[in-house]
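Visitor: Sharing a structure below in structure tokens format, with a few things to ask.
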Amino acid sequence: MLAATRALATAEHREHGGHAHVLATCGHRARALVVGVVAAWLVGCAAEPVPVTPRGGASLAPIGDVPAPASSWRDVTESPQEAAPPADPRVAAIAKSCRTLDAALMRVAESVVADGADVDVERVTLLLRENGAPYVRPRVLIGASIEKALQSLHGASTRCGIATATATAAAATTASAPPTTTAAAATTGTRELAIVADALADLEPLPVRSRTGAWLDFRARVNVPAKGARVVLLGARGAPRTVATAFDATSGSARARFALDRPGPFTVQLVADLEEGPRPVLEARVFADVAPSHASDVAPGEDAANDDVTGGDVTGKGAFDDATSLERMIAAVRANESLGPLQRDPRLDAIARRHVEGLARVRAVAHDLGDGDPRARFEAENLHAGVMGENVARGRTLALAHRAIHASPSHRLNLLNAKYTHLGVAVARDADGRVYVCEVFSSPL
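So the mapping is simple: the working numbering equals the position in the sequence shown, first residue as 1, plus 965.
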């Protein structure tokens, strides 16, 4: 059977391990909503266990933002970061519903709450990395009287950042709605927001800035039972690289030493083998010989999309339908690594189309919507192959969904798997115009 890896891209993505069936939990909708946050919703499934990216969320490379000055970034990524007692009485009252406050999460919450009525889900993940926080699968609570929602998320490893602001109307967005969609509103004039993270692992200080060829020491502790753990590096191009990692299951200690082999931004993930399967438990960004920035690495093939990264139509770019554009994007990624294009197969297209239409209908991202995992759906069509895999993602535009897939270790492994020869792709949009994609890969049929 297929050993499926799942990445939720959570938030919108980078989001993004864990079970793909449930992407975000919304509680106490009358007063506050839980928002799964990442840069793009992602789920990746490959022929063998591979590193995955966070859910809600998902921990992916930043998307479409203006580069920030290097001084805005912390010098190191680490956790936990001790928070001072809140001076604001209301924040202090809300904090009683959270197990532990974290200074990085507090800084991010203060930045987000000051943005205005709507939550920019992409920006939350960007700010976590900028503030030196390695947490994956962050969630956002926003509205009024958020204590009950916080209590529902309370766990032994729960950490929070809380902020309030005065507003004419405090809006709440759901994980299934685009950032511009108002799901609920508070009429109190006070905007309350909490960013919640499950600290499945903690990271000792890891430099944000480095030099090509310089050795970096990675030390972390996994806070939940795990059978193993490994460090995975992902650069702007090429396949992800797994680093030799020493892991002690008794203490949860994970140690590795590595050097970055070229200039540019790198994503560093710790993937732990948990009871439910491999899952990223922390993530950091390291920049070799370049200034830290929120500017994303544009993925090969993005210019084949029928839209631009902001969602507007681009005159002259509508020559291809969405599925053909996605096929061309995948071919460009493979060509960039000296791999040939995959043969489009109508049978795999049909599998991808049925699944992506279901994703858009329920406004979720998962491998299994009740009709079986990718292997089961593949074999239900009387198809057989030595290896097969599936990428699923959601984004504001087709180009951004593709960019998020390329920025995810497990998804890029599928894109660059030399064993694959055949491809099926499909694209769908929900009522709000959010783009869902499904890519099905296989060896000879």
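The beta-carbon is built from N, C-alpha and C at its ideal position, and this holds for glycine as well.
(1) Counting Cβ pairs, one atom from each stretch, are 3 or more of them under 8 Å apart for the region 1106 to 1125 and the region 1064 to 1081?
(2) So, for Arg1195: in the same chain, excluding its five sequence neighbours on each side, which residues have a beta-carbon less than 6 Å away from its beta-carbon?
(3) Straight-line CA distance for Glu1346 to His1259?
(4) According to DSSP, is Ser1175 helix, strand or coil?
(5) Taking the C-alpha atoms as reference points, what is the distance between Ser1408 and Thr1386?
(6) Could you work out which residue in Leu1313, Pro1054, Leu1334 and Asp1397 is closest to Glu1404 when comparing CA atoms only?
(7) Once you ignore the five residues that flank Ala1201 on each side, which residues in its own chain have a CB closer than 6 Å to its CB?
(8) Below 8 Å on the Cβ atoms is my contact criterion, and I expect Val1078 with Thr1155 to pass it. Report the Cβ-Cβ distance as a whole number of Å.
(9) Locate the alpha helix (DSSP H) running through Phe1343, then write down its first and last residues.
(10) Comparing alpha-carbon positions, which option in Arg1102, Gly1120, Gly1323 and Ala1159 lies nearest Val1073?
(11) Indicate whether Val1161 and Leu1118 have their beta-carbon atoms separated by less than 8 Å.
(12) Can you check DSSP and say which residues form a bridge with His1387?
(13) Compute the Euclidean distance between the alpha carbons of Tyr1401 and Arg1326, then round it to the nearest angstrom.
(14) Taking Cβ positions, are Val1173 and Arg1250 nearer each other than 8 Å?
(15) Measuring only the C-alpha atoms, how far is Ala1191 from Ala1219?
(16) Check whether the region 1327 to 1339 touches the region 1365 to 1384, counting contact only when three or more Cβ pairs, one atom from each stretch, lie closer than 8 Å.
(17) Can you give the Cα-Cα distance for His1376 and Glu1355, rounded to whole angstroms?
(18) For Arg994, which residues in the same chain have their Cβ closer than 6 Å to its Cβ, ignoring the five residues on either side in sequence?
(19) On a Cα-Cα basis, can you pick out the residue from Arg1186, Asp1338 and Leu1410 that is closest to Lys1384?
(20) Using the beta-carbon count (16 or more within 10 Å), is Gln1046 buried or exposed?
(21) Can you tell me whether DSSP reads Glu1240 as helix, strand or coil?
Guide: Working from what's here:
(1) yes
(2) The residue you call residue 1195 lines up with position 230 of the sequence shown. Here the set comprises Thr1207, Thr1210 and Val1236.
(3) Along the sequence shown, read from residue 1 onward, the residue named residue 1346 stands at position 381. Along the sequence shown, read from residue 1 onward, the residue named residue 1259 stands at position 294. So the two alpha carbons sit approximately 43 Å from each other.
(4) For the purposes of this step, residue 1175 is identified with residue 210 of the sequence shown, where counting begins at 1. In the structure shown, Ser1175 sits in a strand (DSSP, three-state: E or B).
(5) For the purposes of this step, residue 1408 is taken as the residue at position 443 of the sequence shown. For the purposes of this step, residue 1386 is taken as the residue at position 421 of the sequence shown. Distance between the alpha carbons of Ser1408 and Thr1386 is about 5 Å.
(6) Along the sequence shown, read from residue 1 onward, the residue named residue 1404 stands at position 439. For Glu1404, the nearest C-alpha among the options comes from Leu1313.
(7) Taking the sequence shown and counting its residues from 1, the one referred to as residue 1201 is at position 236. Closer than 6 Å at the Cβ level, and outside the excluded window around Ala1201, lie Gly1229 and Asp1262.
(8) Walking along the sequence shown from the start, residue 1078 turns up at place 113. Walking along the sequence shown from the start, residue 1155 turns up at place 190. Incorrect: roughly 10 Å between the Cβ atoms, too far for contact.
(9) Residue 1343 sits at position 378 when you count from the first residue of the sequence shown. Pro1339 to Ala1345 is the extent of the alpha helix (DSSP H) around Phe1343.
(10) As a position in the sequence shown, residue 1073 is number 108, starting the count at 1. Looking at the Cα atoms, Ala1159 is the closest of the given residues.
(11) Here residue 1161 is taken as the residue at index 196 of the sequence shown, counted from 1. Here residue 1118 is taken as the residue at index 153 of the sequence shown, counted from 1. Yes, the pair counts as a contact, with Cβ atoms nearer than the cut-off.
(12) In the sequence shown, the residue the question calls residue 1387 occupies position 422. Note: His1387 sits in a beta bridge opposite Gln1308 and Ser1407.
(13) The residue you call residue 1401 lines up with position 436 of the sequence shown. The residue you call residue 1326 lines up with position 361 of the sequence shown. Those two C-alpha atoms are separated by around 10 Å.
(14) Position 208 of the sequence shown, counted from the first residue, corresponds to residue 1173. Position 285 of the sequence shown, counted from the first residue, corresponds to residue 1250. In this structure, Arg1250 lies closer than 8 Å to Val1173 by Cβ.
(15) Translated into positions along the sequence shown, residue 1191 becomes position 226. Translated into positions along the sequence shown, residue 1219 becomes position 254. So the two alpha carbons sit approximately 11 Å from each other.
(16) no
(17) Within the sequence shown, the letter at position 411 stands for residue 1376. Within the sequence shown, the letter at position 390 stands for residue 1355. Approximately 8 Å, taken between the alpha carbons.
(18) Mapped onto the sequence shown, residue 994 falls at position 29. Note on Arg994: pLDDT 34, under 50, position unreliable in the model; no value is reported.
(19) Here residue 1384 refers to the residue found at position 419 of the sequence shown. Nearest C-alpha to Lys1384: Leu1410.
(20) Walking along the sequence shown from the start, residue 1046 turns up at place 81. It counts as buried.
(21) Within the sequence shown, numbered from 1, the residue matching residue 1240 stands at position 275. Coil.
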